[in-house]
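>
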Amino acid sequence: MVLQYQVPDMTCGHCVKTITGAVTTAVPGTAVQADVATHRVTVTGTDDKTIVENAIREAGYSPTPA
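In this text, residue positions in the sequence shown follow this note's numbering: the first is 352, and each later residue adds one.
(1) Using the rule of at least 16 other Cβ atoms within 10 Å of the residue's Cβ for burial, across every protein chain shown, is Ala388 buried or exposed?
(2) May I have the straight-line CA-CA distance separating Met361 from Ile402, to the nearest angstrom?
(3) How many Å lie between Ala373 and Ala410 at the Cα?
(4) Where do the N-terminal and C-terminal ends of the alpha helix (DSSP H) with Ala406 fall, by residue?
(5) If we call anything under 8 Å between Cβ atoms a contact, is Thr381 one with Val353?
(6) Let's see if you can read the secondary structure: which residues bound the beta strand (DSSP E) around Ala385?
(7) To the nearest angstrom, how far is the alpha carbon of Ala406 from that of Cys363?
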(Lines of atoms letter the chains of each structure in order from A; the text may use other names.)
(Lines give C-alpha, C1' and ligand atoms only; values in the text may rest on other atoms or scores of the structure.)
Protein backbone atom coordinates (compact mmCIF):
# COMPACT_ATOMS: atom_id res chain seq x y z
CA MET A 352 0.00 0.00 0.00
CA VAL A 353 1.07 3.56 -0.69
CA LEU A 354 0.21 6.37 1.71
CA GLN A 355 0.59 9.97 0.53
CA TYR A 356 0.50 13.15 2.56
CA GLN A 357 0.74 16.86 1.95
CA VAL A 358 3.01 18.38 4.57
CA PRO A 359 3.00 22.14 3.97
CA ASP A 360 5.45 22.86 6.78
CA MET A 361 8.12 20.55 5.30
CA THR A 362 10.47 23.15 3.81
CA CYS A 363 14.01 21.78 3.73
CA GLY A 364 16.28 18.76 3.77
CA HIS A 365 16.34 18.75 7.57
CA CYS A 366 12.54 18.43 7.57
CA VAL A 367 12.80 15.48 5.18
CA LYS A 368 15.36 13.77 7.39
CA THR A 369 13.25 14.35 10.51
CA ILE A 370 10.05 13.02 8.91
CA THR A 371 11.84 10.04 7.37
CA GLY A 372 13.42 9.14 10.69
CA ALA A 373 10.15 9.48 12.58
CA VAL A 374 8.21 7.27 10.17
CA THR A 375 10.87 4.57 9.82
CA THR A 376 11.27 4.43 13.60
CA ALA A 377 7.52 4.16 14.17
CA VAL A 378 7.02 1.59 11.40
CA PRO A 379 10.25 -0.33 10.67
CA GLY A 380 10.53 -1.60 7.12
CA THR A 381 8.78 1.34 5.51
CA ALA A 382 10.23 3.42 2.70
CA VAL A 383 9.72 7.18 2.75
CA GLN A 384 10.04 9.52 -0.21
CA ALA A 385 9.67 13.23 0.37
CA ASP A 386 9.56 16.07 -2.16
CA VAL A 387 10.19 19.47 -0.61
CA ALA A 388 9.08 21.32 -3.76
CA THR A 389 5.59 19.78 -3.71
CA HIS A 390 5.48 19.22 0.08
CA ARG A 391 4.47 15.60 -0.58
CA VAL A 392 5.50 12.60 1.51
CA THR A 393 4.96 9.09 0.17
CA VAL A 394 5.22 6.09 2.49
CA THR A 395 5.29 2.49 1.27
CA GLY A 396 5.44 -0.71 3.25
CA THR A 397 2.49 -0.17 5.60
CA ASP A 398 -1.20 0.52 5.46
CA ASP A 399 -1.44 1.89 9.01
CA LYS A 400 -2.38 5.51 8.38
CA THR A 401 -2.81 6.31 12.06
CA ILE A 402 0.71 5.36 13.08
CA VAL A 403 2.29 7.17 10.10
CA GLU A 404 0.27 10.36 10.61
CA ASN A 405 0.98 10.35 14.35
CA ALA A 406 4.71 9.87 13.74
CA ILE A 407 4.79 12.87 11.39
CA ARG A 408 2.76 14.99 13.84
CA GLU A 409 4.95 14.00 16.78
CA ALA A 410 7.97 15.10 14.72
CA GLY A 411 6.41 18.57 14.59
CA TYR A 412 4.70 18.62 11.19
CA SER A 413 1.13 18.84 9.91
CA PRO A 414 0.29 16.01 7.47
CA THR A 415 -2.98 15.77 5.58
CA PRO A 416 -3.85 12.81 3.36
CA ALA A 417 -3.14 13.59 -0.29
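Each residue gets a CB set at the ideal place from its N, CA and C atoms; glycine is no exception.
Please read these numbers as outputs of a predicted model, since none were measured by experiment.
Answer, in terms of the structure:
(1) Counting from 1 along the sequence shown, the entry for residue 388 is found at position 37. Ala388 comes out exposed.
(2) On the sequence shown, residue 361 is found 10 positions in, with the first residue counted as 1. On the sequence shown, residue 402 is found 51 positions in, with the first residue counted as 1. Each residue's alpha carbon lies about 19 Å from the other.
(3) On the sequence shown, position 22 is the one that residue 373 refers to. On the sequence shown, position 59 is the one that residue 410 refers to. Whole-angstrom Cα-Cα distance: 6 Å.
(4) Residue 406 sits at position 55 when you count from the first residue of the sequence shown. Its alpha helix (DSSP H) spans residues Lys400 to Glu409.
(5) Looking up residue 381 in the sequence shown gives position 30. Looking up residue 353 in the sequence shown gives position 2. Contact: no.
(6) As a working mapping, residue 385 is identified with position 34 in the sequence shown. Ala385 -> beta strand (DSSP E) spans Ala382 to Asp386.
(7) Translated into the one-based positions of the sequence shown, residue 406 becomes position 55. Translated into the one-based positions of the sequence shown, residue 363 becomes position 12. Computed Cα separation, rounded: 18 Å.
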